[in-house]
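Here's the structure we're looking at; comments come further down.
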């Protein structure tokens, strides 16, 4: 079907849907439209005979005639105008109405007919053509969305159209149905659902028709769009016939139709939650998919599509994996597919095994020997994409067992929800040698490429996970490999041995590793300075960082770093910061962990004598011409920040000297003019790093009485710089500047009020920045910092701040992660202004109540949702706590009494749900205490009736967490006073 036919269909549909007020006038005239419209010498569309019932009939005539197409009509222009005269006695008005209405359809039909060229122009290398085409598409979408969808889906379905226009038509279609942001996703879904059923049916028909197209790109795009529509409609019990239609396609003889259908089923399983499909449908989908994977399937494209579809369908297969026979069959077919002659099928099959290891870990025991054999063969002999997935299977098993052991330790019983099968421990003697072999498969230049990922890197990562899983048991299996290769002339062997050593430093006990590290440390330091190969030096510096991270610090009983070797270590690291960028970056990282290990050493830090040299060395790195390579500049500033953060009072004067240096560098970035796009990007990155550095300096010097007074001389200049930074249009820089201002507010205390007039507009901007929601979240946090600093002096700005916070909470555009901190911020404001919060109670408390009801009974379908729900609960509880504490000892305390029953009910609901994390438990028991403490005997009877004041309180009093226990003991005292009077 061509675009002209689609244009005609759109217009005919308009006859039914638009301008019914004109229908009567047309019927009175008895106008009939007859005609045959020839689009090209080969295509003729018979329009038939129908009664014209709206403006659209005339618009159709106008559009067709305007394009000079031969259309035989029984309706002249004069007749059309005379029909309009039935609706208006004014002849001029009749003509104007006719012209206006026909002009409108002319645009719509033109767009439908020219859609191919517009789509091609939208991909033109000519910017002007591209821009004009994009504007035309947007105009078409905005003016007539149903027609827009029909045109695009028709384009996609038309095998005579260019591949490029079809692909873009499908992509645009998909983007009309889906978005990254949840609120936008919901809006697009509602827009689709609200369309006329006939439009949706026609679009879906075009899409299903496209699955049989000989053009693979068109089929693939249609598969994705069908899945997007299914994701919207199936949960609403719409399009119930879809799965049946797709399954019937599987029996088609043409392989390309089977391939496209299996691809569609895969995408559908990705879009739709398992609860939407009934078990009978799931069984049929899995049967079709697994049959498509079978070795008996002669077409590799079909087999690949089926294997990829299974990957997405695994979440639907819970019941099937619980059935031994069905599980055996699925696992046999997957394992057979890992031996396919086609590399993409082998890779996809191993991806399925990785997904199975995560989803069905507890069902794997009887298959592990076979899986080890096929993964070992793939790692040793197969192409890299396949080998990487084979290694990933074992990394995934490690992740599962680490999580289980972290959760339960070794305290498993027959009643445990999850059981650890110790697959890694059992496979250890064969698994470790296989992984060690991979370390010798390095690639030249891998250290310079930030995104590099190869067999050696995957093997080392997996080895590290194995070490975390089995602990000490790995050491005797790895040490012979290290000892054999560490001094070999081939750089690959030296690097592999060093990588193996670094990989096993997390997991085994310090007692097991300390003797080995003591021997290895000098060797590593020498290698970092003298090894002729940069790959070896890079890995050596990384390994030293791992030694400092896991074998150094106040918690280590037998330190490997002493006052005697500290100087040597520092000398080597500072010298290595002058090496090539990738080695220097790793040396900065090693210094970071070395410094961090002395965080709790107080004034006795062995680094103090070298503090000035360390600062100067790091500043020199930031000024290197090649500091933009290998994340070197970023690593240097991260290390500099850690040096400042862990500094002692003794070195405070040196940190103070750093303030004007960093301020000057920030000032210079603000003075730069006429920068290219690339230069602007680098400048923004540098500004973010400098603001971050200043934030750490402010926190360090502003929090110590000995340095605070001297430091505050810079406050005015700092604030001026930060306000200038806000003129830069970059979210990362804004975040860092905002955090630095929060730190400055904390340091300045009530004196920060003098900056509020100048800063407030930027605070407002941050609170309204929905698009870059991280900026909004940080700004909300800074409001809290300022409240704590200014206390009641924040009052003049509270109306504006509260207005923006309430708007933020009401908005569907703002990312949900910002909302919990906003509730916390209510508590900060109430705590700062006390009883003056009275005017906001009428707005804040209903919002808190609605959110509390939502969060108390939220459907926590997965860990991510549960985590967010607990963040929301914590924000609400912090708000209640701040409000109660703010009103304490105020004559207006009783204003809170009407809200007490709901708050107690909220606490009871949380207790009954049994899914609070420790942070929420502590906050909840704290609110119970605050309520009793603030409202006193007035609330006594209410408290006495609540579950929270009895069972919940008793549980908290016997909690293992001492912070929960402390809060509960305080709450008990407050409750006792409230009840007893």
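Numbering (UniProt numbering), first residue to last: 1 to 981.
Every residue gets a Cβ at the ideal spot worked out from N, C-alpha and C, and that includes glycine.
Only a predicted model underlies this, so the values are computations on that prediction, with no experimental measurement involved.
DSSP state of residue i mapped onto helix, strand, coil
i, result
"residue 177", "coil"
"residue 420", "coil"
"residue 326", "helix"
"residue 250", "coil"
"residue 504", "coil"
"residue 339", "coil"
"residue 430", "helix"
"residue 360", "coil"
"residue 598", "coil"
"residue 1061", "Because the chain in this structure spans residues 1 to 981, residue 1061 falls outside the shown range and cannot be described."
"residue 488", "coil"
"residue 729", "coil"
"residue 394", "helix"
"residue 563", "helix"
"residue 215", "coil"
"residue 606", "coil"
"residue 985", "No answer is possible for residue 985: it lies beyond the span of the chain, which begins at 1 and ends at 981."
"residue 612", "helix"
"residue 240", "coil"
"residue 146", "helix"
"residue 132", "helix"
"residue 192", "helix"
"residue 813", "coil"
Beta carbon of residue i nearer than 7 Å to that of residue j
i, j, result
"residue 659", "residue 697", "yes"
"residue 917", "residue 961", "no"
"residue 168", "residue 119", "yes"
"residue 355", "residue 345", "no"
"residue 978", "residue 924", "no"
"residue 389", "residue 351", "yes"
"residue 632", "residue 666", "no"
"residue 581", "residue 639", "no"
"residue 743", "residue 695", "yes"
"residue 1031", "residue 831", "Given a span of 1 to 981 for the chain in the structure shown, any question on residue 1031 remains unanswerable."
"residue 540", "residue 524", "yes"
"residue 843", "residue 806", "yes"
"residue 560", "residue 518", "yes"
"residue 391", "residue 462", "yes"
"residue 588", "residue 635", "yes"
"residue 357", "residue 418", "no"
Proximal residues to residue i (C-beta, below 6 Å), its chain only, five neighbours per side dropped
i, result
"residue 765", "none"
"residue 619", "none"
"residue 159", "213"
"residue 874", "919, 920, 923"
Residues near residue i in its chain [Cβ-Cβ closer than 8 Å; skip 5 each side]
i, result
"residue 122", "130, 133, 134, 137, 168"
"residue 494", "485, 486, 487, 488, 527, 531, 533, 536"
"residue 116", "3, 155, 161, 162, 165"
"residue 274", "282, 315, 316, 318"
Sequence-distant residues of the same chain with beta carbon closer than 7 Å to residue i, five excluded per side
i, result
"residue 974", "929, 932, 933"
"residue 520", "501"
"residue 363", "321, 327"
"residue 949", "928, 943, 975"
"residue 693", "637, 640, 641, 662"
"residue 856", "906, 909, 910, 913"
"residue 845", "899"
Would you say the segment 246-266 touches the segment 305-321, given that touching needs at least three Cβ pairs under 8 Å?
The segment 246-266 and the segment 305-321 touch, with no fewer than 3 CB-CB distances between them shorter than 8 Å.
Complete beta strand (DSSP E) runs within the segment 520-561 (minimum length 3 residues, chain order):
For the segment 520-561, not a single whole beta strand (DSSP E) run of length 3 or above is found.
Would you check if there are 3 or more beta carbon pairs closer than 8 Å linking the segment 596-609 to the segment 618-635?
Under the three-pair Cβ rule at 8 Å, the segment 596-609 does not count as touching the segment 618-635.
Any 3 or more C-beta pairs closer than 8 Å across the segment 762-782 and the segment 809-826:
Using a Cβ-Cβ distance cut-off of 8 Å, the segment 762-782 and the segment 809-826 are in contact, since at least three pairs of beta carbons, one from each stretch, lie closer than that value.
Does the segment 742-754 touch the segment 788-800, meaning 3 or more C-beta pairs lie closer than 8 Å?
The segment 788-800 and the segment 742-754 touch, with no fewer than 3 CB-CB distances between them shorter than 8 Å.
Quick one: which unbroken alpha helix (DSSP H) runs of 4-plus residues sit fully inside the segment 279-326? Chain order, please.
Entirely contained in the segment 279-326, the alpha helix (DSSP H) runs reaching 4 residues are, in chain order, 279-293, 300-313, 318-321.
Taking contact to mean 3 or more Cβ pairs, one atom from each stretch, closer than 8 Å, check whether the segment 246-258 and the segment 301-308 are in contact.
A contact exists between the segment 246-258 and the segment 301-308.
Decide if the segment 603-619 is in contact with the segment 566-573; the criterion is three or more beta carbon pairs, one per stretch, under 8 Å apart.
Enough Cβ pairs lie closer than 8 Å, so yes.
Does the segment 185-195 touch the segment 150-165, meaning 3 or more C-beta pairs lie closer than 8 Å?
When C-beta atoms of the segment 150-165 are compared with those of the segment 185-195, fewer than three pairs fall below 8 Å, so the two segments do not count as touching.
If you scan the segment 733-797 from start to end, which runs of the alpha helix (DSSP H) of 4 or more residues do you find wholly inside it?
Within the segment 733-797, the complete alpha helix (DSSP H) segments at least 4 residues long are 753-767, 773-790, listed from N- to C-terminus.
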